[in-house]
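**Student:**
Numbering (our numbering), first residue to last: 360 to 458.
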């Protein structure tokens, strides 16, 4: 019902309204390992460096929010030639609560 109201106000067609009613993809890829090159690189970074990132985090008992979250992308000059990508993940720190 809400998706239909939003669709009417935004002038969306039936397909777009149907997409508003679908469950968003979170935390999984429908076909296993992603094949899109950009998404695959992020997947690869987490696979290769995930345990190292976890071992070097210094926040203690807490997690980074994936909801209250910003990401920035910058292209900077590489001193060795070419460019480098700088990606900043900026999420609110959420202390874990003891059970």
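Beta carbons: idealized from backbone N, C-alpha and C, even for Gly.
1) Which residue wins for smallest C-alpha separation from residue 433, given the options 444, 394, 399 and 370?
2) Taking DSSP's pairing of strands, which residues face residue 436 in a bridge?
3) If you reduce the DSSP assignment to three classes, tell me which class residue 471 lands in.
4) Is residue 454 helix, strand or coil when you go by DSSP?
5) From what residue to what residue does the alpha helix (DSSP H) around residue 367 run?
**Tutor:** Taking the coordinates as given:
1) 444
2) 442
3) Any answer about residue 471 is impossible in this case: the structure gives the chain only from 360 up to 458.
4) strand
5) 361-369
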